[in-house]
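Chemist:
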Amino acid sequence: MKNSLGRFVPHGFIPYESDEAYLKLKRHTISKTLSKNKDKLVSSMSQLFDILNIKDGMCLSFHHHLRNGDGVLNMVLDEIKQRNLKNMVLAPSAIFPVHAPMVELIKSGHITKIYTNYVNGPVAEAISQGFLKDLLLMDTHGGRPRAIESGELKIDVAFIAVPTSDKDGHGHGISGPSACGVLGYPIPDLYYASKKVVITDHLASDINPKDIDGNYVDYVLKVDSIGDPKGIQSGTTKPTTDPIQLKIARQTVKLMDALGYIKEGLSFQTGAGGTSLAVAQGLKKIMEEKKIKGSFASGGITYLLVEMLEAKLFEKLYDVQCFDLNAVESYKKNNHHLFMSASTYGNPLEEHPIVNDLDVVILGATEVDLHFNVNVTTSSSGMLMGGSGGHADTAYGAKCTIITTNLMKSRLPIIKKEVKTITTPGSSIDCIVTERGIAINPKRTDLIEKLKDSKLHIVPIESLYAYAIKMTGNPEETKMTHKKVIGVCRYRDGSVIDTLYQV
Amino acid sequence: MRRSLLFIPANQPGMLQNADVFEADAVIFDLEDAVFASEKDAALELLNAFLDAIPLNKVEVMVRINGLDTDQGLIDLKHIVSEKIDTIMLPKANLDVLNSCSDILDELELNYQMLKRISIVPIIEDADACFHAYEIAKHPRVSGLLLGAEDLAKDLEVERTDASFEIFFARSQVIYAAKAHQKDAIDTPYVSTKNEEGLILDAKYAKSLGMNAKACIHPNQIDIINEIFSPSKADIEQALRIIKAMDDPNNKEKGAFSLDGKMIDKPIIERALKTIEKAKKYQLI
């Protein structure tokens, strides 16, 4: 079966129809599970596994706020290995290189199925090589809470790393040796998993704020360390100094201005990559010059967005995760820096997800095709190296979605006839900004009209493609030797937008 | 008419492919100081292949050859001169070297049946060239003079400083010589590539003396240089008002007229026209 974008959909999955197909869905949620436990403290991971009767085939979930410093998932993997549990299903919101110990358990059949929104590093390689017995199901940050609350992704036990917690499981991420800030991603797990466990390395009392509501927590386990603080901060923390990326960032800010988005009430989201930070830096400058106050910035929060909040360039920040310690400090002290759960952020079935209020979102791309489809999931050879995260959610929700990318990277064209994997459909993408020009999705006639007298270098996407091919030649497609399906990319409504293959 | 000129080492394919991305008015493909002696021939070959394959978009193509006091300088000229390039940047220039370069270009243009006449931007980078800047600028092939302050400081046995007092005379010589012959006065690059504030001060000072362009060695310097050497918004508005007032029938027959209580005469009108010309060229209006 093929979906509306012409991509193969394995048997048993719903094919992607359109980015608005979710409008036909009704929101059904399973019951939130409150805990009746009074005495929640347990002494060891082993005791937890015993109490919870964790056995073969169960689904265990995790969040990724500790990013590449996470120690909790690996602790649980150790216990799975020691107990020789088989056919386990994992549902971490993201997988990083630090989770390399998972590879052995995938190869040995201890772990056979994985739900996640992002996978990078040795685990990604092992899955791409076909070692996972069952499938990898990749969701978006908004699609995951939808799947959890509906019971479609049934979690038996949620292991929630919490940097500071009390003995009843009330907790937050703003203090303790592994402070990582806002804990927006585990909230659906906290509400809807059958059993919930807080793992902390800092027990305290008088928890405020109670971002993790202990009423939903069944057990609390105190360990020596939940993670390595060095790996918790996001990889990129400074605006790029690369001349090409700087040019792209400058053009992006000019484009936003030319389209009339830099005005009172602007709502904005960008990432933590070097180009994204350079865009934020450029936006900050122009907002200061024009004395503009935006309504909010959202998503993962960086020091630059914090600076903009403090300079009153934005009224508030909606934060699902903090990318650096400045963001953690800001969340601690500034009551305009607001907590946002993954569901509030991007769940399409929420009455009013924050992404739907965005004017502009700036996103990256591994590949873009002539239909404006974007791949941020695999390399051009099909190897897993990322995932949607909030890409598809924000791209759909924002009034204007701008992709910033070099036209060529390492002698490979980034704009191609067809992307290897579709993560975000072209219908959600409005503008592609490269160092050699800006392409506007022909469906956005309103944007094209606004730019008709602009001095920006607006070109058809076909021209960018032709230039890239002229420079690089037409790269030969990587031939899939097995064509074995290893997973699916699910759109935010749960339909399959593309299929992942063994490489 | 130039504002920014970007040096690009000719032996770096990754940099060559982005030569026209950064909106410099001219790119200077460098075969001289940026390229090791052992890589000179490969750089020349690479640059030729690049220029053959990739037409550059709206940018003046300059090539800094090796000095004509070396064998490589002549080899560079013979191999690089073609319709693909616009200008030769001539290092260690003096009158003899300039005349020699021009003669070789005459011969090559004739031999290659070129329709284009290649211009020369001599680099004023020693005391002798500084003193003869006026005669050098006068040469019909010369389209501008570039001050090479680093080599000049070496020749003067002085240290280069941020304040640049040591090159004040040289800057003035280049400016007066170039302007006397309606050529571009191109300022020396600011070599601290990460010091934006230093670049801004240096470029503004050079402009205040009379420089109308500045060379640079990093793409991130171009936007700053372009902004400083472009007419400002206020300059453009005032120039437009002067031109409008000049076209007024009451003023048309007069040699001079009054605007906002100030006398507007021929030099001011010519300056306004030049401002408008620049503003149009740089798409500021």
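Read top to bottom, the protein sequences are chains F and W.
1 is the number of the first residue of the first sequence in my numbering; add one for each residue after it.
1001 is the number of the first residue of the second sequence in my numbering; add one for each residue after it.
For glycine and all other residues, C-beta sits at the position ideal for the given N, C-alpha and C.
So F:T116 and F:A94 are supposed to be a Cβ contact under 8 angstroms. How far apart are they, rounded?
Modeler: The residue given as residue 116 of chain F occupies position 116 in the first sequence. The residue given as residue 94 of chain F occupies position 94 in the first sequence. With a Cβ gap of about 6 angstroms, F:T116 and F:A94 count as contacting.
Chemist: Opposite F:T240 in the DSSP bridges: which residues?
Modeler: If you number the first sequence from 1, residue 240 of chain F lands on position 240. F:T240 is not bridged to any residue.
Chemist: Strictly below 7 angstroms CB to CB, what residues from chain W border F:R436?
Modeler: Your numbering for residue 436 of chain F matches position 436 in the first sequence. The answer, in chain order, is V1021.
Chemist: Helix, strand or coil, according to DSSP, for W:K1040 in the structure here?
Modeler: Sequence index remark: in the second sequence, residue 1040 of chain W carries index 40 (1-based). DSSP places W:K1040 in helix when its eight states are reduced to three.
Chemist: Evaluate W:S1038 with the Cβ neighbour count: other Cβ atoms within 10 Å of its Cβ, from every protein chain shown; 16 or more gives buried, anything less gives exposed.
Modeler: Translated into the one-based positions of the second sequence, residue 1038 of chain W becomes position 38. That one is exposed.
Chemist: Just mark W:V1158 as buried or exposed, buried being the case when its beta carbon has 16 or more other beta carbons within 10 Å.
Modeler: Translated into the one-based positions of the second sequence, residue 1158 of chain W becomes position 158. With fewer than 16 Cβ atoms within 10 Å of its Cβ, W:V1158 is classed as exposed.
Chemist: Give the residues from the stretch 442-460 of chain F that approach chain W closer than 8 angstroms (Cβ to any Cβ), ordered along the chain.
Modeler: Listed by position along the chain: K455.
Chemist: Below 7 angstroms, is the gap between the Cβ of W:G1210 and the nearest heavy atom of the ligand ADP?
Modeler: Annotation note on the ligand ADP: not contained in the displayed structure, which lists no ligands.
Chemist: Are the stretch 1088-1103 of chain W and the stretch 1046-1057 of chain W touching, with three or more C-beta to C-beta distances below 8 angstroms?
Modeler: Judged by Cβ distances under 8 angstroms, the stretch 1088-1103 of chain W makes no contact with the stretch 1046-1057 of chain W, as fewer than three pairs qualify.
Chemist: Do F:M287 and F:T262 count as a contact pair if the criterion is CB distance below 8 angstroms?
Modeler: Stepping through the first sequence from its first residue, residue 262 of chain F is reached at position 262. Stepping through the first sequence from its first residue, residue 287 of chain F is reached at position 287. This sequence places Ile at residue 262 of chain F; Thr is not what is there. Yes, Cβ-Cβ distance for F:I262 and F:M287 is below 8 angstroms.
Chemist: For W:D1260, is the classification buried or exposed, using 16 other Cβ atoms within 10 angstroms of its Cβ as the cut-off for buried?
Modeler: Numbered from its first residue, the second sequence carries residue 1260 of chain W at position 260. W:D1260 comes out exposed.
Chemist: Applying the 10 Å Cβ sphere with the 16-neighbour rule, what's the burial state of F:T404?
Modeler: Position 404 of the first sequence, counted from the first residue, corresponds to residue 404 of chain F. With 16 or more Cβ atoms within 10 Å of its Cβ, F:T404 is classed as buried.
Chemist: Can you grab the Cα-Cα spacing for the pair F:E462 / F:P442, in whole Å?
Modeler: If you number the first sequence from 1, residue 462 of chain F lands on position 462. If you number the first sequence from 1, residue 442 of chain F lands on position 442. Going from the Cα of F:E462 to the Cα of F:P442 covers about 11 angstroms.
Chemist: Measuring straight from C-alpha to C-alpha, what distance separates F:L183 and F:V162?
Modeler: Taking the first residue of the first sequence as 1, we reach residue 183 of chain F at position 183. Taking the first residue of the first sequence as 1, we reach residue 162 of chain F at position 162. Roughly 8 angstroms between the two C-alpha positions.
Chemist: Beta strand (DSSP E) containing F:F296: first to last residue?
Modeler: By 1-based counting over the first sequence, the position of residue 296 of chain F is 296. Unbroken beta strand (DSSP E) run through F:F296: G294 to I301.
Chemist: Output, in sequence order along the chain, the residues in the stretch 1206-1236 of chain W whose CB is closer than 9 angstroms to any CB in chain A.
Modeler: The structure shown contains no chain A; the protein chains it does contain are F and W.
Chemist: Is F:L305 near F:A311, with beta carbons less than 8 angstroms apart?
Modeler: Here residue 305 of chain F corresponds to residue number 305 of the first sequence, with the count starting at 1. Here residue 311 of chain F corresponds to residue number 311 of the first sequence, with the count starting at 1. No.
Chemist: Can you list the residues of chain W that F:I244 reaches, using a CB-CB cut of under 7 angstroms?
Modeler: Indexing the first sequence from 1 puts residue 244 of chain F at position 244. Near F:I244 (Cβ distances below 7 angstroms), the residues of chain W are N1018 and V1021.
Chemist: How about W:P1189 and W:A1215: are their beta carbons less than 8 angstroms apart?
Modeler: For the purposes of this step, residue 1189 of chain W is taken as the residue at position 189 of the second sequence. For the purposes of this step, residue 1215 of chain W is taken as the residue at position 215 of the second sequence. Cβ distance < 8 angstroms, so W:P1189 and W:A1215 count as in contact.
Chemist: Using a Cβ-Cβ distance under 8 angstroms, would W:Q1283 count as near chain F?
Modeler: Taking the first residue of the second sequence as position 1, residue 1283 of chain W is located at position 283. Cβ-Cβ to chain F under 8 angstroms: yes for W:Q1283.
Chemist: If I follow the unbroken alpha helix (DSSP H) through W:A1279, where does it start and stop?
Modeler: For this step, residue 1279 of chain W is matched to residue 279 along the second sequence. Element bounds for W:A1279: K1266 to K1281.
Chemist: Using a Cβ cut-off of 7 angstroms, pull out every chain W residue sitting near F:M256, in sequence order please.
Modeler: Here residue 256 of chain F refers to the residue found at position 256 when the first sequence is read from its first residue. Under the 7 angstroms cutoff, chain W gives no residues; its nearest Cβ is about 17 angstroms from F:M256.
Chemist: Who are the near neighbours of W:A1026 in its chain, counting only those whose CB is closer than 6 angstroms to its CB and skipping five residues on each side?
Modeler: The residue given as residue 1026 of chain W occupies position 26 in the second sequence. Result list for W:A1026: R1002, L1005, E1060 and M1062, in chain order.
Chemist: At the level of alpha carbons, what is the spacing between F:G69 and W:E1196?
Modeler: Position 69 of the first sequence holds residue 69 of chain F. Position 196 of the second sequence holds residue 1196 of chain W. Cα to Cα, the separation comes out at about 36 angstroms.
Chemist: I think F:L336 touches F:L317, with their Cβ atoms under 8 angstroms apart; what is that distance to the nearest whole Å?
Modeler: If you number the first sequence from 1, residue 336 of chain F lands on position 336. If you number the first sequence from 1, residue 317 of chain F lands on position 317. Looking at the sequence shown, residue 336 of chain F is not Leu but His. At roughly 7 angstroms, the Cβ-Cβ gap stays under 8 angstroms, so F:H336 and F:L317 are in contact.
Chemist: Tell me the residue span of the alpha helix (DSSP H) that contains W:M1089.
Modeler: Within the second sequence, the letter at position 89 stands for residue 1089 of chain W. W:M1089 -> not in any alpha helix (DSSP H); beta strand (DSSP E) instead, spanning T1087 to L1090.
Chemist: Using 8 angstroms as the limit for Cβ to Cβ distance, is F:T241 near chain W?
Modeler: As a first step, residue 241 of chain F must be located in the first sequence, where it is residue number 241. It does: the Cβ of F:T241 has a partner Cβ on chain W nearer than 8 angstroms.
Chemist: Can you name, in chain order, every residue of its own chain whose Cβ lies under 6 angstroms from the Cβ of F:Y22, other than the five neighbours on each side?
Modeler: As a first step, residue 22 of chain F must be located in the first sequence, where it is residue number 22. Result list for F:Y22: P348 and D493, in chain order.
Chemist: Restricting to runs no shorter than 3 residues, where is the beta strand (DSSP E) found entirely within the stretch 1139-1203 of chain W?
Modeler: With a minimum length of 3 residues, the continuous beta strand (DSSP E) runs that stay inside the stretch 1139-1203 of chain W are 1144-1147 and 1184-1187.
Chemist: How would you list, in chain order, the residues of chain W whose beta-carbon sits under 9 angstroms from the beta-carbon of F:M58?
Modeler: As a first step, residue 58 of chain F is located in the first sequence; it is residue number 58 there, counting from the start. By Cβ distance, chain W contributes nothing, its closest Cβ being about 51 angstroms from F:M58, past 9 angstroms.
Chemist: Quick check on the DSSP output: the beta strand (DSSP E) that includes F:K316 runs from which residue to which?
Modeler: Here residue 316 of chain F corresponds to residue number 316 of the first sequence, with the count starting at 1. F314 to C322 is the extent of the beta strand (DSSP E) around F:K316.
Chemist: If contact means a Cβ-Cβ distance below 9 angstroms, which residues of the stretch 468-483 of chain F contact chain W?
Modeler: Here the close residues are K470 and M471.
Chemist: For F:K247, which residues in chain W fall below 7 angstroms Cβ to Cβ?
Modeler: Taking the first sequence and counting its residues from 1, one reaches residue 247 of chain F at position 247. Those within 7 angstroms of F:K247 in chain W are V1021 and F1022.
Chemist: Could you tell me which residues DSSP pairs with F:Y115 in its beta bridges?
Modeler: Stepping through the first sequence from its first residue, residue 115 of chain F is reached at position 115. F:Y115 pairs with F:L137.
Chemist: What does the alpha-carbon distance come out to for the pair F:N326 and F:T302?
Modeler: Here residue 326 of chain F corresponds to residue number 326 of the first sequence, with the count starting at 1. Here residue 302 of chain F corresponds to residue number 302 of the first sequence, with the count starting at 1. Each residue's alpha carbon lies about 7 angstroms from the other.
Chemist: Going by DSSP, name the residue or residues bridged to W:F1029.
Modeler: Your numbering for residue 1029 of chain W matches position 29 in the second sequence. DSSP output for W:F1029 lists W:I1008 and W:V1063 as bridge partner(s).
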